[in-house]
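Participant: Pasting in a structure now, in structure tokens, and then I'll have a few things to ask.
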Amino acid sequence: MSALLAGLENDERRRRRVALLWVVACVTGAGTWLTAPFGVALVARGETVGWALIAAGVALLAATVLAVLFARRMHRRPESLPGKANPRFDEPEPSPDPRGGYSMNGSMLGSR
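The opening residue of the sequence shown carries number 1 in the UniProt record's numbering; numbering runs sequentially from there.
So, in structure tokens, the structure goes:
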């Protein structure tokens, strides 16, 4: 039972990290949205402090992209779980009753 609880604790820690990364992505995205356009406007007016704001906006954009990528990568679940494949999974299984039943064509009602 301790292995199960350890797995649940690991899942909870992973969920917290993913949530934290999404919060960081949102905050840095908002920072990008606030700094970069203002920096462009200042550069257009001829002020040199605008270049610093543009550089900060680019850095915040890079942080946003990295946070989103890491959050998506952490959030992925394993592709498959270990175990033995079921050989009869894709095989059709005929009805055990050979008599059939009443059905109306086109009505989607019937025994099968």
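Built from N, CA and C at the ideal position, the CB exists for glycine as well. Quantities reported herein were computed from a predicted structural model and do not represent experimental measurements.
Whether or not the stretch 33-53 and the stretch 4-17 are in contact is what I'm after, with contact meaning three or more pairs of Cβ atoms, one per stretch, closer than 8 Å; do they touch?
Facilitator: The stretch 4-17 vs the stretch 33-53: no contact.
Participant: Touch check for the stretch 14-31 and the stretch 60-68: three-plus C-beta pairs under 8 Å?
Facilitator: Touching, yes.
Participant: Which residues in the same chain as alanine 71 place their Cβ atom closer than 6 Å to its Cβ, once the five residues preceding and following it in sequence are excluded?
Facilitator: Walking along the sequence shown from the start, residue 71 turns up at place 71. Correct list, in chain order: Val18, Leu21 and Trp22.
Participant: With DSSP collapsed to three states, give me the class of glycine 46.
Facilitator: As a working note, residue 46 is residue 46 in the sequence shown. If DSSP states are grouped into helix, strand and coil, glycine 46 belongs with coil.
Participant: Less than 8 Å between the C-beta atoms of alanine 30 and glycine 57, yes or no?
Facilitator: If you number the sequence shown from 1, residue 30 lands on position 30. If you number the sequence shown from 1, residue 57 lands on position 57. Cβ distance not < 8 Å, so alanine 30 and glycine 57 don't count as in contact.
Participant: Return the CA-CA distance between arginine 14 and leucine 8, expressed in angstroms with no decimal places.
Facilitator: Residue mapping note: residue 14 aligns to position 14 of the sequence shown, counting from 1. Residue mapping note: residue 8 aligns to position 8 of the sequence shown, counting from 1. Going from the Cα of arginine 14 to the Cα of leucine 8 covers about 10 Å.
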